[in-house]
Structures are given as structure tokens and as C-alpha cells.
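In order, the protein sequence lines correspond to chains A and B. For the first sequence, the residue numbers in our numbering are 1 to 112. For the second sequence, the residue numbers in our numbering are 1001 to 1114. Built from N, CA and C at the ideal position, the CB exists for glycine as well.
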Amino acid sequence: GESVGLHLPTLSVQEGDNSIINCAYSNSASDYFIWYKQESGKGPQFIIDIRSNMDKRQGQRVTVLLNKTVKHLSLQIAATQPGDSAVYFCAESYQGAQKLVFGQGTRLTINP
Amino acid sequence: NAGVTQTPKFQVLKTGQSMTLQCAQDMNHNSMYWYRQDPGMGLRLIYYSASEGTTDKGEVPNGYNVSRLNKREFSLRLESAAPSQTSVYFCARGRGTGLTGELFFGEGSRLTVL
């Protein structure tokens, strides 16, 4: 069953293409950013994180880009697979805050 | 389950009833969190506990209470449930003391208040 909202921004991509999911964050003091993937009926799962002293970080098939000038974060998924279908959330925090603030989320759907 | 177990997984309440959502972690880390997730919105922080014996309000604490019973357990209580509290509730644990990295989430507790 659905665990997240019906009116989320949606990105549809062809299987095998690259996906780019964008996120605008709100707090210029934020120094830690993280991307989560949430599949239907499950809790969010960590994908990749980045600190503000970096502008790019790569993982397995994923890359996170950080542009502090415009407070923008993006998640790039290479060679998108059906298993990548999920809702993706960005979250931000700042040192000492002891809490993450989540964005609204983007639903990624994969077309065969 | 990322070392976080939530119970119950599903619950239906009538307006005015009370209940407690239980959360336990098996990693002996200090920080624990309760979030709620509503349709069309991201996760919003209700309460968190940086360490055993301490709790702090998050973004949406009204209508909830929490107890950090010991290092492992962090419960969320609804004293008088309202339909606006219909949501999916997620418990999470952090790494070590404070927020030094990602949070690890449980599978969620789906609460409906009629």
C-alpha cells in the first residue's frame, strides 16, 4: 500500500536512462545533507550524504551534488533500474541541531 | 529493519482514545527520534531524545508525549487521539551522540483515528 502522498512531484524516466532528482533546501546554515529512498510501505533508507565542505560525492550508481550558492541539492542515479522506483527525500541539518529536516519528496517512476 | 523495531505496525483508534507506540533499538546508540509522515508531505519531527533521560520537542509536538525509558526504548504516547493524528509514524535511531550521520528508520506504525 501507499505510504506517502498522492500529490508529490513526480519524475518518470526510461529504464536504463539517468535520473536527476532536485531539492532546494531552506537553511543557509545547514552543513549536512542526506538523501533517503522510501519504497511503498517501508521506512526511509539511507542512500548517500554530503557535508557542506564538499560539492560532489559519489556512491554506487549515485552521485550527490551540492550548490551552496543557490541552496540546491541533486541526486543523480545512473542507469535507472525498476528497483529504483520509490519516493526520494532530501534532508538537511546543521551542526548541533541534532535533527534532520526533510523535504517534501519526489516520486520516481521507471518506464520499461 | 536497521536495528529499529516499532510496535504496533497498524492501529485503529476512536477519537479520544489513548495509546502508546513502542520503539526499541538494538544498537545501543544515544539518539532516537519520532517522525510522522502525512500524504503530500515529508517526515516531520515530533520529539527526539539525544541521550537517555533527555527529550526535546521537534516541529510538531502538540498532542504527543514521549518517554525515553532506557537507552534502548523510546515510546510515543497519544493521550487523547484526534483524527488529525492519523498518520504513519516512524521511529529512528542516530549514530552515537547527537546527529553525526544518517538516521536509521523503523518500518513505521500506521495509525488511523476515526
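Annotation: I77/A has no Cβ neighbours in chain B at a cutoff of 7 Å; minimum Cβ distance is about 18 Å. Of all C-beta pairs linking the stretch 1018-1034 of chain B to the stretch 39-59 of chain A, fewer than three are shorter than 8 Å, placing the two stretches out of contact. In the three-state reduction of the DSSP assignment, Q1006/B falls in the strand class. Counting the other Cβ atoms within 10 Å of the Cβ of Q1037/B gives 16 or more, which makes it buried. The Cβ atoms of S1075/B and Q1011/B do not sit closer than 8 Å to each other. In terms of beta-carbon proximity, Y1048/B lines the interface with chain A, with at least one pair separated by less than 8 Å. A contact is defined here as three or more CB-CB pairs under 8 Å, and the stretch 24-35 of chain A fails this definition with respect to the stretch 1014-1028 of chain B. T106/A and Y88/A do touch by the CB rule: their CB atoms are close to 5 Å apart, below 8 Å.
Sequence-distant partners of N1028/B (beyond 5 residues in either direction) whose C-beta falls short of 8 Å from its own C-beta, in its chain, are K1071 and R1072. Beta-carbon to beta-carbon, G1058/B and L1045/B are separated by about 3 Å, close enough to satisfy the 8 Å threshold. Neighbours of I34/A across chain B, judged by C-beta separation under 7 Å: E1102.
In this structure, L1013/B lies near A1081/B, with their beta-carbon atoms less than 8 Å apart. A straight line joining the alpha-carbon of N111/A with that of G83/A spans about 11 Å.
The C-alpha of P9/A lies about 20 Å from the C-alpha of L66/A. If you look at A1092/B, you'll find it in the beta strand (DSSP E) that goes S1087 to R1093.
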